[in-house]
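Our numbering applies: residue 588 is where the sequence shown begins, and numbers increase by one.
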Amino acid sequence: MSTKRTFTMIKPDAFGAGNAGAILKMIEEAGFKLVAMKITRLAGDAAGKFYAVHHERPFYKDLCAYMSSGPIIAAILEKDNAVADFRKLIGATNPADAAEGTIRKLYATSIEANAVHGSDSDENAAIEGNFFFSELEKVGV
Ligand code: GDP
Numbered sequence: 588m589s590t591k592r593t594f595t596m597i598k599p600d601a602f603g604a605g606n607a608g609a610i611l612k613m614i615e616e617a618g619f620k621l622v623a624m625k626i627t628r629l630a631g632d633a634a635g636k637f638y639a640v641h642h643e644r645p646f647y648k649d650l651c652a653y654m655s656s657g658p659i660i661a662a663i664l665e666k667d668n669a670v671a672d673f674r675k676l677i678g679a680t681n682p683a684d685a686a687e688g689t690i691r692k693l694y695a696t697s698i699e700a701n702a703v704h705g706s707d708s709d710e711n712a713a714i715e716g717n718f719f720f721s722e723l724e725k726v727g728v
């Protein structure tokens, strides 16, 4: 069976617009349990480190500036088939292409300010969760 955990961020646009509560409600109603969660900010070069895999992409600098522009919520989520099911719940990267009812369709404002992050693999889910949380902070369910 695939991993039971994924990692998410509620990005600065959604947090700043006051949509964090509504998005967390959708996440919980879809069956995900919160294992760890915090409000934080990707200050300094933290966004650059988090998105290091994207450093060759043309939007890397803009993405890092945007992701450090305000507070975010970082969270580890648990559910069977967590990575794939969460990608389905958030929808396509560009909200214009996101399916009806997905978090990005409802709350994203652009391809960059797209409301939420969701890990794209089991391996990255573990790496990204460990970027924000120590083992002690992962309460589990
Ligand atoms: P994701 O896995 O759906 O988050 O998408 P990617 O891994 O391809 O990109 C990471 C993040 O970079 C996205 O969630 C967006 O915030 C941002 N992004 C992706 N494509 C673009 C783009 O073409 N332009 C800009 N400005 N940002 C982008």
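Ideal Cβ positions, reconstructed from N, Cα and C, are used throughout, including at glycine.
Taking C-beta atoms as the reference points, T593 and L693 fail to come closer than 8 angstroms. The alpha-carbon separation between A679 and A685 amounts to approximately 4 angstroms. In terms of Cβ geometry, I690 and M596 do not form a close pair [threshold 8 angstroms]. DSSP places A702 in the coil class of the three-state scheme, outside both helix and strand.
With a contact defined as Cβ atoms closer than 8 angstroms, F720 and F637 miss out at about 13 angstroms.
Look at V622 here: in three-state DSSP terms it is strand. Inclusion of I677 and I626 in the CB contact set at 8 angstroms is not warranted, their separation being larger than that value.
For L650, the shortest C-beta to heavy atom distance toward ligand 1 is below 7 angstroms. Distances between the C-beta of N701 and the heavy atoms of ligand 1 include at least one below 7 angstroms. With 16 or more neighbouring CB atoms inside 10 Å of its own CB, L629 falls in the buried class. In terms of CA proximity to G631, C651 leads the group C651, L723, E616 and E687.
Distance from the C-beta of F646 to the nearest heavy atom of ligand 1 is below 7 angstroms.
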